[in-house]
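**Student:**
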Amino acid sequence: MEELTGNSVSGHLRLRCEVREDGVPFLAEQSFRAPVHLSKPHVDAGCLVVSVVNPTAGFFDGDSLVSEVEVCSGAKLVMSTPAASRVFRTRSGKAAVNRQKFSVAAGGFFEWIPEAFIPHAGANYEQRTEIELEAGAGLLFVDWISPGRVARGEVFEYERLRWELDLKVDGRLMARERYEMRGAGDGLEGIKAMFEAGHYVSVYVAGRMIDAWPGAELDKLGGEDVYMGHGRLEGSVMVLRALCRDSLAARGLVEKSRALLYGNAGMTVPNLGRIFM
Amino acid sequence: MKDGLMWLLQANDTGYPSGGYAHSYGLEELVRAGVVRDGEGLERFLSKQVVPGLLRFELPFFARAHGAAAAGDAGALVELDGELDGWRIAAELRDASRRVGSQRLELLWRLDGGELVTGHRRSCPRSHHLVVTALELRELAVGVAGRAFAYQAVVAGTAAAMKLMRIGQTACQGILYRVLGELGGEVDAAVLREVDGFFNPLLEIAALRHAFANERLFIS
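Residue numbers (our numbering), protein chains in the order written: chain E, 1 to 277; chain Z, 1001 to 1220.
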């Protein structure tokens, strides 16, 4: 039972994307409730582009969101956020919880390309992601975690980020992530050793985009401001991981790698309707 | 019936042909990138990146595999082996784990040849190092077996470092003494913990990059 209290909200997002006979994708089912709102979807480059808006400007402690997104065979869905996602300082000590499940059928394509995730000082947040692909499904899934509000001097001052992800293809586990990141302690050594206020970018790719994997071109995106690697998971899924010196470097990487992945697969990059990308 | 302690010493001796000497598990790339430059950097890498990973993920997972091996549960061992593929995101780290594991499994089969080992070799010949070590040391207490596994992981770092940096045996033994001393006191608690991950994108990226390095000394 979803609960709405004076201090926090429990909402949901349910979408099912299907394709019409003429090849145009559409939302056959949509349901949502705060803390999310949907923009009016538009079709671009054969994909249905949906922006997920957070009308409360971010997650507060105790907020919860359960998302279920299904992409049917032949449909192409691109989901984005128009601005950075924020989690505010916890007042009660409780975490904000975001559970999301994305299912893509064979012949379907799903892209998740959010703006940066910005955990404020003292934030407590849990994100659990399940991605279930059928063999032959396409995926471009991006996570971008910033160190905080760097301009205010908040660098890794969040209390706790709990990050969980399972990616399965035809029921077989391809990737499992379980991270507990805390501003204090040694848990962020893996970022700080490279960049004091580093941004973390993670990308999973499946389907047509990996048939023409632009490995050499992607390598050229690395350098002094971007420490990046990419490779294949056990099955037909590729992963790209990067640490970036700052938000500009992270944005540049996401933007350029996205263009490369679409371009090499012979696909046109869908316009997200944002100022950037 | 073999003597448990003697077998533990034999299986962890540098003369035991595991092939581990050929792997740096990402350290070679971190040295190349300038993240680890000297003894101080090596000790920091081991204590801040390798040890937390052992305590939060490897040792709790090892305890599950050890429990399955001690119970003779062949199916659970195969299942755990498959799950490890999902946890090890970088292909080179997966491959290194399977290379060392399969070499150890082959030797274990020749030495032991029991039903459980023979069956596991048949169903999972390229088994992960962690699972094979649990199988090797299934008759020992999990805390003791876990220490042996953790020791192998830390020593792999210092052994590789001597080939990658200007650092000698004495300095490495000092680092080992301190890091193992710190780690040892936490193993018994770690093997009782739920399996969790450890956020270390730097090591993952280093392993991903190493796979495409133009020149390299180690396989991983």
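From the three backbone atoms N, C-alpha and C, an ideal C-beta is built for every residue, glycine too.
For E/R279, does the count of other Cβ atoms within 10 angstroms reach 16, so buried, or fall short, so exposed?
**Tutor:** In this structure chain E extends from 1 to 277, so residue 279 of chain E is not present and cannot be described.
**Student:** Exposed or buried, which one is Z/R1094 when buried takes at least 16 other CB atoms within 10 Å?
**Tutor:** Position 94 of the second sequence holds residue 1094 of chain Z. Its Cβ being crowded by 16 or more others within 10 Å, Z/R1094 is buried.
**Student:** Considering E/G231, what are the terminal residues of the beta strand (DSSP E) in which it resides?
**Tutor:** Here the question's residue 231 of chain E lines up with position 231 in the first sequence. Run containing E/G231: V226 to R232, per the beta strand (DSSP E) assignment.
**Student:** Alpha carbons only, please: which of E/R33, E/R176, E/A137 and E/A216 is nearest the one belonging to Z/W1087?
**Tutor:** Here residue 1087 of chain Z refers to the residue found at position 87 of the second sequence. For Z/W1087, the nearest C-alpha among the options comes from E/R176.
**Student:** What are the boundary residues of the alpha helix (DSSP H) that E/Y262 is part of?
**Tutor:** Against the first sequence, residue 262 of chain E aligns to sequence position 262. Segment S247 to N264, the alpha helix (DSSP H) holding E/Y262.
**Student:** Please determine, among E/L65, E/V53, E/G235 and E/N7, the residue with the shortest C-alpha to C-alpha distance to E/D211.
**Tutor:** As a first step, residue 211 of chain E must be located in the first sequence, where it is residue number 211. Ranking E/L65, E/V53, E/G235 and E/N7 by Cα distance to E/D211 puts E/G235 first.
**Student:** Under the rule that 16 or more other beta-carbon atoms within 10 Å means buried, what is Z/L1183, buried or exposed?
**Tutor:** Along the second sequence, one-based indexing puts residue 1183 of chain Z at 183. Classification for Z/L1183: buried.
**Student:** Let me see if you follow: with CB-CB separation under 8 Å, is Z/L1192 close to chain E or not?
**Tutor:** Counting from one through the second sequence, the residue named residue 1192 of chain Z turns up at place 192. No, its Cβ sits nowhere closer than 8 Å to a Cβ of chain E.
**Student:** Less than 8 Å between the C-beta atoms of Z/A1134 and Z/A1071, yes or no?
**Tutor:** In the second sequence, the residue the question calls residue 1134 of chain Z occupies position 134. In the second sequence, the residue the question calls residue 1071 of chain Z occupies position 71. It is not a contact, given that the beta carbons lie outside the stated cut-off.
**Student:** Hey, does E/M1 have any beta-carbon neighbour from chain Z nearer than 8 Å?
**Tutor:** If you number the first sequence from 1, residue 1 of chain E lands on position 1. At E/M1, the pLDDT of 48 sits below 50, so the modelled position is not reliable; the number obtained from the coordinates is stated separately. Not one chain Z Cβ lies under 8 Å of E/M1.
**Student:** Find the nearest neighbour of E/V53 within the set E/T81, E/F60, E/V43 and E/G62, judged by alpha-carbon distance.
**Tutor:** Position 53 of the first sequence, counted from the start, is the residue given in the question as residue 53 of chain E. Closest option to E/V53, Cα to Cα, is E/T81.
**Student:** Distance cutoff 8 Å, beta carbons only. Does Z/R1094 sit that close to anything in chain E?
**Tutor:** Position 94 of the second sequence, counting from 1, holds the residue named residue 1094 of chain Z. It does: the Cβ of Z/R1094 has a partner Cβ on chain E nearer than 8 Å.
**Student:** Can we say the segment 117-124 of chain E touches the segment 252-267 of chain E, given the rule of at least three CB pairs closer than 8 Å?
**Tutor:** No, the segment 117-124 of chain E does not touch the segment 252-267 of chain E.
**Student:** Using the rule of at least 16 other Cβ atoms within 10 Å of the residue's Cβ for burial, across every protein chain shown, is Z/I1205 buried or exposed?
**Tutor:** Reading the second sequence from its first residue, position 205 is the one you call residue 1205 of chain Z. Buried, by the Cβ-count rule.
**Student:** Below 8 Å between beta carbons: does that hold for Z/P1125 and Z/S1102?
**Tutor:** Against the second sequence, residue 1125 of chain Z aligns to sequence position 125. Against the second sequence, residue 1102 of chain Z aligns to sequence position 102. In this structure, Z/S1102 lies closer than 8 Å to Z/P1125 by Cβ.
**Student:** For a contact meaning CB atoms closer than 9 Å, what does Z/G1211 contact in chain E?
**Tutor:** Here residue 1211 of chain Z refers to the residue found at position 211 when the second sequence is read from its first residue. The sequence given here places Ala at residue 1211 of chain Z; Gly does not occur at that position. Those within 9 Å of Z/A1211 in chain E are G229 and G231.
**Student:** Would you list, in sequence order, the uninterrupted beta strand (DSSP E) runs of no fewer than 3 residues that lie entirely inside the segment 67-132 of chain E?
**Tutor:** Complete beta strand (DSSP E) runs here, min 3: 76-80, 85-87, 96-104, 109-113 and 117-119.
**Student:** Tell me E/I191's beta-bridge partners as DSSP assigns them.
**Tutor:** Position 191 of the first sequence, counted from the start, is the residue given in the question as residue 191 of chain E. BP columns for E/I191 are empty, so no partner.
**Student:** Between the segment 180-192 of chain E and chain Z, which residues of the former have CB atoms less than 8 Å from a CB of the latter, in chain order?
**Tutor:** Listed by position along the chain: E180, M181, D186, G187, L188, E189, G190 and I191.
**Student:** According to DSSP, is Z/G1197 part of a helix, a strand, or is it coil?
**Tutor:** Walking along the second sequence from the start, residue 1197 of chain Z turns up at place 197. Of the three classes helix, strand and coil, the one that applies to Z/G1197 here is coil, per DSSP.
**Student:** List in chain order: all unbroken alpha helix (DSSP H) runs of 4+ residues lying wholly within the segment 1131-1217 of chain Z.
**Tutor:** If we require 4 residues or more, the alpha helix (DSSP H) runs fully inside the segment 1131-1217 of chain Z come out as 1142-1164, 1169-1190 and 1201-1210.
**Student:** Kindly list the residues whose CB is nearer than 6 Å to the CB of Z/G1146, restricted to its own chain and excluding five residues on each side of it in sequence; keep chain order.
**Tutor:** Here residue 1146 of chain Z refers to the residue found at position 146 when the second sequence is read from its first residue. L1059, F1062, V1187 and V1191, listed in sequence order.
**Student:** Would E/A57 be called buried (16 or more neighbouring beta carbons within 10 Å of its own) or exposed?
**Tutor:** For the purposes of this step, residue 57 of chain E is identified with residue 57 of the first sequence, where counting begins at 1. That one is exposed.
**Student:** List the DSSP bridge partners of E/L29.
**Tutor:** Indexing the first sequence from 1 puts residue 29 of chain E at position 29. Reading off the sequence shown, one finds Glu at residue 29 of chain E, where the question assumed Leu. Paired residues: E/R16.
**Student:** How about the segment 1041-1053 of chain Z and the segment 1105-1120 of chain Z: do they share at least three Cβ pairs that are nearer than 8 Å?
**Tutor:** Touching, no.
**Student:** Can you give me the start and stop residues for the beta strand (DSSP E) that E/S202 sits inside?
**Tutor:** Against the first sequence, residue 202 of chain E aligns to sequence position 202. Taken as a continuous stretch (DSSP letters only), the beta strand (DSSP E) holding E/S202 covers H199 to A206.
**Student:** Leaving out five residues before and five after E/M1 in sequence, what residues of the same chain have Cβ atoms less than 6 Å from its Cβ?
**Tutor:** On the first sequence, residue 1 of chain E is found 1 positions in, with the first residue counted as 1. Reliability of the predicted coordinates at E/M1 is poor, the pLDDT of 48 falling under 50, and the value obtained from them is presented with this limitation in mind. None.
**Student:** Quick one: what does DSSP say E/M1 is sitting in, helix, strand or coil?
**Tutor:** As a first step, residue 1 of chain E must be located in the first sequence, where it is residue number 1. In this prediction, E/M1 has a pLDDT of 48, which is less than 50 and means its spatial position is unreliable; what the coordinates show is noted afterwards. Here E/M1 sits in coil by DSSP.
**Student:** Taking E/V239 as the query, report the chain Z residues whose CB atoms sit under 7 Å from its CB, ordered along the chain.
**Tutor:** As a working mapping, residue 239 of chain E is identified with position 239 in the first sequence. Neighbours of E/V239 on chain Z, chain order: I1089.
**Student:** Could you list which residues in chain E have their beta carbon closer than 8 Å to that of Z/E1040, in chain order?
**Tutor:** Locating residue 1040 of chain Z in the second sequence gives position 40, counting from the first residue. Result: empty, since nearest Cβ-Cβ is about 13 Å, beyond 8 Å.
**Student:** So what's E/D22 in DSSP terms, helix, strand or just coil?
**Tutor:** Taking the first sequence and counting its residues from 1, one reaches residue 22 of chain E at position 22. Coil, per DSSP.
**Student:** Give the straight-line distance between the Cα atoms of E/W112 and Z/L1008, rounded to the nearest whole angstrom.
**Tutor:** Position 112 of the first sequence, counted from the start, is the residue given in the question as residue 112 of chain E. Position 8 of the second sequence, counted from the start, is the residue given in the question as residue 1008 of chain Z. Near 49 Å, if we compare the C-alpha coordinates of Z/L1008 and E/W112.
**Student:** Give the single residue among E/R251, E/C72, E/K168 and E/L65 whose Cα lies nearest to the Cα of E/A105.
**Tutor:** On the first sequence, residue 105 of chain E is found 105 positions in, with the first residue counted as 1. It is E/C72.
**Student:** Whole-angstrom Cβ separation of Z/P1017 and E/L243, contact assumed at under 8 Å?
**Tutor:** For the purposes of this step, residue 1017 of chain Z is taken as the residue at position 17 of the second sequence. For the purposes of this step, residue 243 of chain E is taken as the residue at position 243 of the first sequence. Not really, about 37 Å apart at Cβ, beyond 8 Å.
**Student:** Going by DSSP, name the residue or residues bridged to E/W144.
**Tutor:** As a first step, residue 144 of chain E is located in the first sequence; it is residue number 144 there, counting from the start. Partner(s): E/V201.
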